[in-house]
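Notes follow once the structure below has been shown.
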Amino acid sequence: MFEYQLKESTRRRSIAIKVTDNGIIVYAPKGLEKKWLHEWLMSKHSWVLAQQQKVPAVPVVQTPWHSQTLLVFGETYACFFGPEYPSKLCHSNRIVHVCVINPDDTKACRAALLSLLRIELESYVMGVLPVLAEKMDAQVSQVKFREYKSRWGSCTSNRALAFNTLLIGAKPSYIDYVIIHELAHCHVLAHNPEFWQLVFKYYGEYKDVVKWFREKGATLFITKEV
Ligand SMILES: [Zn+2]
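Residue numbering for the sequence shown follows the UniProt record's numbering, beginning at 1 and increasing consecutively.
Given below as structure tokens:
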């Protein structure tokens, strides 16, 4: 059985099921027998499943200066902005301190945060990449880190790699996938079967990660709205 939120109303005459990106809402006449309702909903299970497939992934963008939280390596960290803190990311306490003179200046908050995250991602990637590059026999000419709107990494024909700073919010194993993906491009530039075969060789579960980035990748974005 699926989870749902029940909304009863005395004015309602019929039952309706609404599948939203925040879950399932069941509208029903007030006082309807729960056992009967449960059985009726059970009979709609496959329909609900089909509807859930259709709901597009919502881009739930992060606003750390409001929420005071931030995803780092797939975990939620507390995130503080202010002049009293030196910019620092502490993994043991899961805290991000961002030094900004005026914490109400969200543009400055974002810029300071992004530069801190870029350094953090660089340190992670540069720890893992040389080992993977050797394993995959990939010759890399350059590695850069920057923010991209719609890609997680890139590889040029000169084998210059770039990684999206926002990857820092993903689980390390997912970041590893992006590294392997770009390293595979050092051998095959196109996304052809040969390329995916190479990715598979070094990252067997790649399909799950591709799906995660497609459906949930937007949760790593940090809003630009001020
Ligand atoms: Zn690619």
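C-beta: ideal position from N, C-alpha, C; glycine also.
The DSSP-derived three-state label of VAL125 is helix. The C-alpha of TYR174 lies about 15 Å from the C-alpha of MET126. In this chain, the beta strand (DSSP E) harbouring TYR27 covers 23-29.
Here GLU134 is exposed: its Cβ has fewer than 16 other Cβ atoms, across all protein chains shown, within 10 Å. At least one heavy atom of ligand 1 lies closer than 7 Å to the C-beta of HIS181. The three-state secondary structure of HIS38, taken from DSSP, is helix.
The C-beta of ASN164 has 16 or more other C-beta atoms within 10 Å across all chains shown, which makes the residue buried. In this chain, the beta strand (DSSP E) harbouring LYS88 covers 88-90.
Between the C-alpha atoms of LEU70 and CYS186 there is a straight-line separation of about 32 Å. DSSP places VAL98 within a strand segment (E or B) once states are collapsed to three. Contact annotation: ILE17 and LYS44 have beta-carbon atoms nearer than 8 Å. LEU113 sits away from VAL128, with the two beta carbons spaced by 8 Å or more.
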